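Visitor: Quick one: the structure is below, questions incoming.
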Amino acid sequence: MVLALSDLVRFESSELPADGELPRRFAILFPATSLGGEVAAATPVGSGGLLRVRTSAEGPGTRVTLDLEADATPVLFVLPEPFRVIVDVRPAGSAATAPSVGPRAMDLLVLDPGHGGDDFGARAFGLEEQDITLDLAIRVRDILRARVPGTRVVLTREEDRFVSLEQRTAMANAVGADVFVSIHLNAAWEDVVHGGVTTFVLDTTDDTQAVRLAARENGTSETEVGALSRILAGLHRDEQSEGSRALAAQIHHATLTGGRRVLPRLYDRGVRSAMFHVLVGAAMPAVLVEASFMTRREEADALRTEGYRQSLAEGIADGIVAYARGDAPPPDSRARQTP
Ligand SMILES: [Zn+2]
2 MVLALSDLVR FESSELPADG ELPRRFAILF PATSLGGEVA AATPVGSGGL LRVRTSAEGP
62 GTRVTLDLEA DATPVLFVLP EPFRVIVDVR PAGSAATAPS VGPRAMDLLV LDPGHGGDDF
122 GARAFGLEEQ DITLDLAIRV RDILRARVPG TRVVLTREED RFVSLEQRTA MANAVGADVF
182 VSIHLNAAWE DVVHGGVTTF VLDTTDDTQA VRLAARENGT SETEVGALSR ILAGLHRDEQ
242 SEGSRALAAQ IHHATLTGGR RVLPRLYDRG VRSAMFHVLV GAAMPAVLVE ASFMTRREEA
302 DALRTEGYRQ SLAEGIADGI VAYARGDAPP PDSRARQTP
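Mapping to the working numbering: the sequence shown position 197 is 198, numbers consecutive.
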């Protein structure tokens, strides 16, 4: 169920158990929002775990209630620009929950080479981010196809073309991917002390640099990043978030290890949280890796070589494999690095 809103608004959701005549319900309350004229008071559905959707005015606000079948699982998320609230109702038996220890199902994974087409991403020293992300994603796919033949690997783009941020996760959701990995390169024209590798999971942050990076990667303002962050803060999904953190830890460690085969002093910027639009709609564990710093001369020169790109790709692939195997979390190497 998709609710389209004319503006970014906050809301609350709650689950109510079956009660007499009433089935199990999932309710969303928008405190200061009115219904559009064309919205029906009740929309019967009767499939996929969803019985019907009801809407009603509640004081100055609006309540949207989903009547559910007994075992259906509602998953709530939002999409930016235009702002939408989505409830993905999964019928009984379809909820694939990733165990936190031991091997995880990895039938299909989606790799997302950042940017493409008119959106070239960052540019530095004659390199364009969109070319490097695609090259890395193709390498990761080829490595995984050889190493884990039972796993399907899908790319959100296989050539230099524009794909919207929303389409990228929509694609992963549509094919029921087990993980989503978005590949980018960092850049900053302000004076940064270190380059290096950063791996992000979706979450709210007060870190100015992360907000600025997210705004640049999203193509939006820092204000918008802040507003959406506050809404997302109320939408925390423990299971997906735990999976994303486990995946990020493995990918981060392995990418850094791969990169350091060529650049031994490659800096560890750590696993961080930020509000990346490309991760907002993902229903599965999802991470964004900024695999190097294009605006650092040494890293840009290395990115020009096949050897370095292959080492980074092997790292990303190693991280995905370690996550699928359910390996123990890697040690936090940040404490041990030389500045
Ligand atoms: Zn990027």
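Glycine is no exception: its CB is placed at the ideal position from the N, C-alpha and C atoms. These numbers come from a predicted model, not from an experiment.
Between the beta-carbon of Ala-284 and the beta-carbon of Val-76, is there less than 8 Å?
Guide: Yes.
Visitor: Do Glu-218 and ligand 1 come close, with the Cβ less than 7 Å from some heavy atom?
Guide: It does: the Cβ of Glu-218 is within 7 Å (strictly closer) of some heavy atom of ligand 1.
Visitor: Which ranges would you report for the alpha helix (DSSP H) in the segment 103-151 if only whole runs of at least 4 residues count?
Guide: The segment 103-151 contains these whole alpha helix (DSSP H) runs: 130-148.
Visitor: Check each candidate in Val-164, Leu-4, Leu-67 and name the one with the smallest Cα separation from Asp-119.
Guide: Taking only the C-alpha atoms, the option nearest Asp-119 is Val-164.
Visitor: What's the call for Glu-307, buried or exposed, on a 16-neighbour Cβ count within 10 Å?
Guide: Counting Cβ neighbours within 10 Å, Glu-307 comes out exposed, since fewer than 16 surround it.
Visitor: Let me confirm a value: Phe-121 is counted as buried when at least 16 other C-beta atoms fall within 10 Å, else exposed. Which label applies?
Guide: Under this definition Phe-121 is an exposed residue.
Visitor: Do the segment 247-266 and the segment 195-205 touch if we need at least three Cβ pairs shorter than 8 Å?
Guide: Touching, yes, given that three or more Cβ pairs across the two stretches are closer than 8 Å.
Visitor: Kindly indicate which three-state DSSP category Ala-96 falls into: helix, strand or coil?
Guide: With a pLDDT of 44 at Ala-96, under the threshold of 50, the modelled position of this residue cannot be trusted; read the value that follows with caution. Reduced to three states, the DSSP call for Ala-96 is coil.
Visitor: Check Val-46 in the structure and name its three-state DSSP category.
Guide: In this structure, Val-46 counts as strand in the three-state DSSP scheme.
Visitor: Cβ of Glu-130 versus every heavy atom of ligand 1: is any distance shorter than 7 Å?
Guide: Glu-130 Cβ: within cutoff of ligand 1.
Visitor: Among residues of its own chain, excluding the 5 on either side of Ala-301, which ones have a beta-carbon nearer than 7 Å to its beta-carbon?
Guide: Cβ neighbours of Ala-301 beyond the five flanking positions: Ala-125, Phe-126, Leu-128, Met-295.
Visitor: Counting pairs of Cβ atoms below 8 Å between the segment 316-332 and the segment 102-115, do you hit three or more?
Guide: The segment 316-332 is in contact with the segment 102-115.
Visitor: Give the secondary structure of Thr-206 by DSSP, where H, G and I count as helix, E and B as strand, and everything else as coil.
Guide: Three-state DSSP puts Thr-206 in coil, outside helix and strand.
Visitor: I'd like the list of long-range same chain contacts for Leu-137, defined as Cβ closer than 8 Å, with 5 residues on each side in sequence excluded.
Guide: Closer than 8 Å at Cβ, skipping near neighbours: Pro-114, Ile-184, Ala-292, Arg-310, Leu-313, Ala-314, Ile-317.
Visitor: Say whether the segment 139-152 touches the segment 85-93, bearing in mind that this needs 3 or more beta-carbon pairs closer than 8 Å, one atom from each stretch.
Guide: These segments do not touch.
Visitor: Given that a residue counts as buried once 16 or more other Cβ atoms are within 10 Å of its Cβ, and exposed if not, what is Arg-337?
Guide: The predicted model places Arg-337 with a pLDDT of 48, which falls under 50 and marks its position as unreliable, so this point remains unresolved.
Visitor: I want to check one thing, is the minimum distance from the CB of Gly-117 to the heavy atoms of ligand 1 below 7 Å?
Guide: Gly-117 Cβ: outside cutoff for every heavy atom of ligand 1.
Visitor: Is it the case that the Cβ atoms of Thr-258 and Leu-186 are separated by a distance below 8 Å?
Guide: No, the pair does not count as a contact, with Cβ atoms beyond the cut-off.
Visitor: Apart from the five residues on each side of it in sequence, which residues of its chain come closer than 7 Å, Cβ to Cβ, to Phe-277?
Guide: If we look at Phe-277 and ignore the five residues flanking it on each side, its Cβ neighbours are Phe-201, Leu-203, Ala-215, Glu-218, Asn-219, Leu-289.
Visitor: Measuring straight from C-alpha to C-alpha, what distance separates Arg-261 and Arg-298?
Guide: Cα-Cα distance, rounded: 16 Å.
Visitor: Between which two residues does the beta strand (DSSP E) containing Gly-271 stretch?
Guide: Here the beta strand (DSSP E) through Gly-271 covers 269-275.
Visitor: What does Gly-62 pair with, by DSSP beta-bridge criteria?
Guide: Gly-62 is bridged to Glu-59.
Visitor: Output needed for Pro-18: all residues of its chain with C-beta closer than 7 Å, excluding positions within five of it in sequence on either side, in chain order.
Guide: Cβ within range, chain order: Arg-25.
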